[in-house]
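Residue numbers (the numbering used here): 180 to 358. Even glycine gets a Cβ: it sits at the ideal position worked out from N, Cα and C. Notes follow once the structure below has been shown.
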């Protein structure tokens with residue numbers, strides 16, 4: 180008699196813990212005040228709507244996996260873009276780029292150039308053209324919201340032309356105000 184009760188309690192605890200973890204991990208998906216800005220993807224691209232940010236990727240790319248805040252798209256040649264939306268505590272500077280993290284420079288990644296970005300709905304952003312590293316050249320994009328609570332980071336492992344096309348589709352949108 181005690182064994183089924185103990186098993187039942189254990190299952191209940193596991194299910195409740197799983198539900199709380201799942202709700203916390205994907206809370207943006209169940210909140211109606213989180214914007215998912217839509218873009219009109221140009222020919223040859225498909226739209227991607229994330230919480231607070233939207234952009235386009237080449238139509239032949241497929242979403243490979245999503246792990247926490249990060250998602251990866253691939254094409255037949257391999258990983259081509261990974262990115263995510265992150266909570267930030269302060270606005271990055273609009274007049275100078277953030278330095279590359281030591282974890283990147285230690286792997287031989289170097290800054291070729293940094294260019295400020297103007298993105299509809301965003302407070303600011305930077306494009307970093309990078310060289311070196313085991314994956315070769317890449318373009319890193321960071322765009323943040325006006326209230327500085329969220330930042331989009333994209334790592335694009337494709338030609339500069341493809342990176343230009345993706346960056347040209349970027350949009351941002353603040354949290355919806357409660358009515």
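Cβ contact annotation for residue 217 (same chain, cutoff 7 Å, sequence separation greater than five): 226, 228 and 233, in chain order.
Going by C-alpha positions, residue 299 is about 25 Å away from residue 290. Cβ contact annotation for residue 239 (same chain, cutoff 7 Å, sequence separation greater than five): 254, in chain order. Collapsing the DSSP output to three states places residue 218 in coil.
Beta bridge pairing from DSSP links residue 299 with 350. 272 is the residue among 272, 286 and 312 whose C-alpha sits nearest the C-alpha of residue 295. Along the length of the region 247–295, whole alpha helix (DSSP H) runs at least 4 residues long occupy 281–284, reported in chain order. Per DSSP, the continuous beta strand (DSSP E) segment holding residue 233 begins and ends at 232–237.
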